[in-house]
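> So the protein lines, in turn, are chains A and B.
For the first sequence, my numbering begins at 1 and goes up steadily by one.
For the second sequence, my numbering begins at 1001 and goes up steadily by one.
Every residue gets a Cβ at the ideal spot worked out from N, C-alpha and C, and that includes glycine.
For clarity, every value in this text was computed on a predicted model and none was experimentally measured.
Sending over a structure as structure tokens; questions will come in a sec.
Number of protein chains: 2
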Amino acid sequence: MNLILLFPEDFVEPHRARLAGRRLAHVRDTHRAAIGDALTVGLLAGPIGTGIVTRLDEDVLEMEVTLIQPPPPKLPLTLVLALPRPKVLNRVLASATSLGVRQIHLINAWKVEKSYWKSPRMAEENLMHQRLLGLEQAKDTVLPELHLHRLFRPFVEDQLPGITQGTLALVGHPGAVEPCPRQTEGPVTLAVGPEGGWIASELESLTAVGFRPVDLGPRILRTETAVAALVGRLF
Amino acid sequence: MNLILLFPEDFVEPHRARLAGRRLAHVRDTHRAAIGDALTVGLLAGPIGTGIVTRLDEDVLEMEVTLIQPPPPKLPLTLVLALPRPKVLNRVLASATSLGVRQIHLINAWKVEKSYWKSPRMAEENLMHQRLLGLEQAKDTVLPELHLHRLFRPFVEDQLPGITQGTLALVGHPGAVEPCPRQTEGPVTLAVGPEGGWIASELESLTAVGFRPVDLGPRILRTETAVAALVGRLF
């Protein structure tokens, strides 16, 4: 937790916020904060700044908050991810958020097991929690948008053309002739397949709406590793 | 497990290997392999190829093995990592291995908690297991070398100059004037600090032996995310 996220409801006065629960426990036990300490804080979807601890006991921490800086800029990147295994999903959401991805679409694909959609980790609360962890990690305050699409074809045909408009649309595909470009200038939409890859008809649907298949090298990487490596390469 | 790693002791005849334990369970339950199926296999530190399943029951799987291709090339990258938290360590080892890092040095730093060195995850067996998982993920067979250094200064002063010789030596440091370079040509030694960063004297020791401090952007990333993003950027 490199930044403590504050929510409007934490404010008991315009510049005074009160923490309880997970954030209080973390500040007390991991940061070992004391009265007078200055903590890095940020208002969800707002500026970042400093909180000076003015009260600290078992149940509550209060701080005087000064918010002055904008959060770090987002990457001009929209991720279209075949829904990963539940165990991987949490890490992908937190790490993509920490990297500054602007928008995430989790979609179905032939090689996505149906059970993944029914995992408890797909609960709205968890999808939010993982993204909040990513913000706290990266000192950011702006959640990436997250959208779920249970049906591949309607999403690709009806919605994806609008999403990719004005962006470089790339789909990772082992064995593609073109290697993934580097250091692109403008916005990018990047589609990353399931562990077993896209099937031929999925790849056709994606190229039909303008995606260029790009090769990511001879190594098959886990989704969260692949996303981070691609972000490093593209931006 | 995109590649099944074989060890010399698996071979009951020159081209016949026998699996048991974790690999058997995985091939049976996840790959749902049947007799006649062709599996991607590789010999530890050797070539990769195909194994045709010739026998499969509760306790044992046998395959006819043909090994023909070299494993994917390694990156010319040596990582010098301040020992991360045990929970993070496993993921860093597996993902750095999957990315093709050639050599990993885990070192001490002021902000590395002493308890990390005593974690059960530091057992030789686990350090090997995580790297094997990375090889299986990336269809590689060659383990990255792994070295542990409990003392920062002797390692940096006595050993690091030899390690960095002929390489571009970079140390990640938030706020450094120079941004991390892109698409380098030759070999790189990359030092990544602990979660709280390097202290001033550590940074001085590293620059004294030729490391250039480079900034990695305004976002603080978890070690495994940072390493993957840096690999994408550098190579």
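In whole angstroms, give me the CA-to-CA distance for D10 (chain A) and W1117 (chain B).
D10 (chain A) and W1117 (chain B): Cα-Cα distance of roughly 38 angstroms.
> Tell me the rounded alpha-carbon separation between E1145 (chain B) and L1056 (chain B).
Cα-Cα distance, rounded: 34 angstroms.
> Please identify the residue among A:N90, A:L44 and A:V80 whose C-alpha is closest to the C-alpha of K104 (chain A).
The question names Lys, yet the displayed sequence has Ile at residue 104 (chain A). When only C-alpha atoms are compared, the closest one is A:V80.
> Please list, in chain order, all residues of the same chain as V1053 (chain B) whose beta carbon is under 6 angstroms from its beta carbon, the five residues on each side excluded.
Result list for V1053 (chain B): A1033, I1035, D1037 and M1063, in chain order.
> Residues in the same chain with beta-carbon distance under 6 angstroms from L3 (chain A), minus the five sequence neighbours each way, listed in chain order, please.
Excluding residues within five positions, the ones whose Cβ falls inside 6 angstroms are T40, G42, E136 and K139.
> Compare the C-beta of L221 (chain A) against all C-beta atoms of chain B and say whether one is closer than 7 angstroms.
Yes, because at least one Cβ of chain B sits closer than 7 angstroms to the Cβ of L221 (chain A).
> Does A1082 (chain B) get closer than 7 angstroms to chain A when you measure Cβ to Cβ?
A1082 (chain B) does not count as touching chain A.
> Could you tell me which uninterrupted beta strand (DSSP E) segments, each at least 3 residues in length, are contained entirely in the region 28–57 of chain A, listed from first to last along the chain?
As far as the region 28–57 of chain A is concerned, its whole beta strand (DSSP E) runs of at least 3 residues are 38–43 and 48–56.
> Buried or exposed: G1051 (chain B), going by 16 or more other Cβ atoms within 10 Å of its Cβ?
Buried is the call here.
> Helix, strand or coil for L234 (chain A) per DSSP?
Here L234 (chain A) sits in helix by DSSP.
> Based on Cα-Cα distance, which residue from A:P8, A:H147, A:L151 and A:V214 lies nearest to L168 (chain A)?
For the residues A:P8, A:H147, A:L151 and A:V214, the minimum Cα distance to L168 (chain A) belongs to A:V214.
> Just by C-beta distance, which residues in the region 1222–1233 of chain B are closer than 9 angstroms to chain A?
For the region 1222–1233 of chain B, which is checked against every Cβ of chain A, the residues closer than 9 angstroms are R1222, E1224, T1225, A1226, V1227, A1228, A1229, L1230, V1231, G1232 and R1233.
> Using 8 angstroms as the Cβ pair cut-off and three pairs as the minimum, do the region 191–198 of chain A and the region 1191–1199 of chain B touch?
As far as the Cβ criterion goes, the region 191–198 of chain A does not touch the region 1191–1199 of chain B, which means the pair count is below three.
> So, helix, strand or coil for F11 (chain A), using DSSP?
Strand, per DSSP.
> I'd like to know if S115 (chain A) contacts chain B, where contact means its C-beta is closer than 7 angstroms to some C-beta of that chain.
No, no contact with chain B.
> For V65 (chain A), which option in A:P174, A:V12, A:P218 and A:G166 has the closest C-alpha, if you only look at C-alpha atoms?
Selected option, being the one with the closest Cα: A:V12.
> Is it buried or exposed for T189 (chain A), if we count other Cβ within 10 angstroms and need 16 for buried?
Buried, because 16 or more other Cβ atoms sit within 10 Å of the Cβ of T189 (chain A).
> Note down, in chain order, every chain B residue with its Cβ under 7 angstroms from the Cβ of K87 (chain A).
Under the 7 angstroms cutoff, chain B gives no residues; its nearest Cβ is about 11 angstroms from K87 (chain A).
> For the candidate residues A:M122, A:H129, A:F7 and A:L148, whose alpha-carbon lies nearest to that of A94 (chain A)?
Of the listed residues, the one whose Cα sits closest to A94 (chain A) is A:H129.
> Do I1048 (chain B) and P1076 (chain B) have their beta-carbon atoms positioned less than 7 angstroms apart in this structure?
Contact: no.
> Go to M1063 (chain B), then tell me how far its beta strand (DSSP E) extends in each direction, as first and last residue.
Here the beta strand (DSSP E) through M1063 (chain B) covers L1061 to Q1069.
> I'd like to know whether the C-beta atoms of C1180 (chain B) and L1143 (chain B) end up nearer to each other than 7 angstroms.
Not closer than 7 angstroms, so no.
> What three-state label does DSSP hand A138 (chain A) in the structure shown?
Helix, per DSSP.
> Could you tell me which whole beta strand (DSSP E) segments of length 3 or greater appear in the region 171–206 of chain A?
Here the runs fully enclosed are 188–192.
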